[in-house]
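One structure below.
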Amino acid sequence: MMIAYPDRLDLAQTPTPLQALDRLTDQLRSDIKSSTDCAVRCPRIWIKRDDQTGSLTSGNKVRKLEFLLAEALAQGCGTVITSGGVQSNHCRAVAVLGAQLGLKVHLLLRSDIEPQPVGNLLIDQLVGATISHYSQQEFRQLGNLFEYWQQHYTNQGSKAYSIPTGGSSGTGLWGYIAAAQELQNDFLREQISPSYIIHATGSGGTQAGLTMGFNLLNSAIQVEGYAVCDDRAYFERKVKEDIKHWSKQYAQPVLIDKLKIVTHDQYVGPDYGKAGPEVFESIKQLAALEGIILDPVYTGKAFRGMVEEIRQGRYSDASDIVFVHTGGLFGLLAQQQQLNY
Ligand SMILES: Cc1ncc(COP(=O)(O)O)c(C=O)c1O
């Protein structure tokens, strides 16, 4: 099917590689054989390397920002305002791309403690973003904070473009609609027909884009988000809300209630941004086995969740499954002491 995309900047290094994780698959198959019942089968596990969309812009956000920043420039905005946690990968990607495109970037960051200039925050500072820190309590009024700063820049004669947390909006959705099309080409090239696409879900935009993208392609593949915060009901609502915005904004009719939105919320762990020792263990194992590094906030939690579900037989019906590596390396560097080296 021909998908008609809106204006887009060429910012992400795409297509990203799709790789088979054969050493991991073999190891899991042999673990399963020796420990569980023989009805459990481990599919071949593939990884879509969206951690390689760029060095400083690595991760899933740059795909969304190709469309969001194109819209900002088309609207004649000189400033971009966005928000997130203090170690937000999204905010870092906006800060870097702002510097590359000559846009002023203002980040509204959430933190209850004095933040250390490490990981993503260090990059935000290096590329010259203006940063306002707010407590969790203050962040409850995020809409007002956006309005305040929007007005501030209007008063200064600079039009500002606001991007919601995580870049998840009707416009941002296009990023992972395009990624679904890229994945379909990967499958044709590799001659595989995966049954599931698995990824970490935080603000819901990647999940909404992939779900909508594969729906537009009439694919039977099931997209499954592994939550890193909130719960299943939240993502059911949020993903539908993003798709509704997209559908209205671009006059694309969608039978929203027919979409199957699947979220696993049992691997969130202690809290958003906090992971238990089992997640750090999974990060170490995959790094040593395959030379691929996950992060503790997003991809490590989701990957560990996927492996648990494989062991429990959830994906026994599939010959192949794909994990989307959505980036996050700078977030790992901000928690390096938890690796206990
Ligand atoms: C590394 C990483 N993976 C996954 C996600 C989740 O993506 P989304 O916000 O689209 O749900 C994020 C979002 O911040 C992220 O930074």
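So that you can map any letter, position 205 of the sequence shown is 211 in my numbering, and since no number is skipped, the others follow by simple counting. From the three backbone atoms N, C-alpha and C, an ideal C-beta is built for every residue, glycine too.
Residue i Cβ short of 8 Å to ligand 1 heavy atom set
{"i": "Thr88", "result": "no"}
{"i": "Val234", "result": "yes"}
{"i": "Tyr273", "result": "no"}
{"i": "Thr217", "result": "no"}
{"i": "Ser94", "result": "yes"}
{"i": "Lys280", "result": "no"}
{"i": "Thr207", "result": "yes"}
{"i": "Asp32", "result": "no"}
{"i": "Tyr5", "result": "Because residue 5 is not part of the residues shown, which for the chain are 7 to 347, the question remains open."}
{"i": "Gln228", "result": "no"}
{"i": "Thr212", "result": "yes"}
{"i": "Thr305", "result": "yes"}
{"i": "Asp301", "result": "yes"}
{"i": "Thr59", "result": "no"}
DSSP three-state assignment for residue i, whether helix, strand or coil
{"i": "Thr88", "result": "strand"}
{"i": "Leu115", "result": "strand"}
{"i": "Val124", "result": "coil"}
{"i": "Thr217", "result": "helix"}
{"i": "Asp323", "result": "coil"}
{"i": "Leu24", "result": "strand"}
{"i": "Tyr240", "result": "helix"}
{"i": "Asp16", "result": "coil"}
{"i": "Asp301", "result": "coil"}
{"i": "Ile137", "result": "strand"}
{"i": "Lys165", "result": "coil"}
Residue i versus residue j: straight-line alpha-carbon distance, rounded
{"i": "Val229", "j": "Lys280", "result": "25 Å"}
{"i": "Thr177", "j": "Lys70", "result": "8 Å"}
{"i": "Thr63", "j": "Ser94", "result": "12 Å"}
{"i": "Leu27", "j": "Gln157", "result": "49 Å"}
{"i": "Lys266", "j": "Gly208", "result": "18 Å"}
{"i": "Asp210", "j": "Lys244", "result": "Looking at the sequence itself, residue 210 is Gly, so the reference to Asp does not match. Rounded to the nearest angstrom, the two C-alpha atoms are 6 Å apart."}
{"i": "Asp32", "j": "Leu295", "result": "11 Å"}
{"i": "Pro21", "j": "Gln122", "result": "34 Å"}
{"i": "Phe220", "j": "Cys97", "result": "27 Å"}
{"i": "Val328", "j": "Ile53", "result": "5 Å"}
{"i": "Lys290", "j": "Gly104", "result": "33 Å"}
Span of the alpha helix (DSSP H) around residue i
{"i": "Ala294", "result": "Pro283 to Glu296"}
{"i": "Asp32", "result": "Asp28 to Ser41"}
{"i": "Tyr159", "result": "Leu148 to Asn161"}
{"i": "Tyr182", "result": "Trp180 to Glu196"}
{"i": "Thr305", "result": "Thr305 to Arg317"}
{"i": "Ala80", "result": "Lys67 to Ala80"}
{"i": "Gly172", "result": "Run containing Gly172: none; DSSP gives neither H nor E here."}
{"i": "Gly337", "result": "Leu335 to Leu339"}
Rounded distance between the beta-carbons of residue j and residue i, thought under 8 Å
{"i": "Lys67", "j": "Gly173", "result": "5 Å"}
{"i": "Cys48", "j": "Ile316", "result": "5 Å"}
{"i": "Asp271", "j": "Arg238", "result": "5 Å"}
{"i": "Gly181", "j": "Glu284", "result": "31 Å between Cβ atoms; not a contact."}
{"i": "Asp37", "j": "His331", "result": "Contact flag wrong, Cβ pair sits at about 22 Å."}
Boundaries of the beta strand (DSSP E) in which residue i is found, first to last residue
{"i": "Ile53", "result": "Arg50 to Arg55"}
{"i": "Tyr256", "result": "Here Tyr256 belongs to no beta strand (DSSP E), and DSSP marks it neither H nor E."}
{"i": "Gly231", "result": "Gln228 to Ala233"}
{"i": "Leu268", "result": "For the record, residue 268 in the displayed sequence is Val; it is not Leu. Counting along the chain, the beta strand (DSSP E) containing Val268 begins and ends at Val268 to His270."}
{"i": "Ala101", "result": "Here Ala101 belongs to no beta strand (DSSP E); instead the alpha helix (DSSP H) covers Asn95 to Leu107."}
{"i": "Tyr202", "result": "Tyr202 to Thr207"}
Residue-chain proximity (residue i, chain B), Cβ-Cβ < 9 Å
{"i": "Gly176", "result": "Absence of chain B from the displayed structure is noted, only one protein chain being present."}
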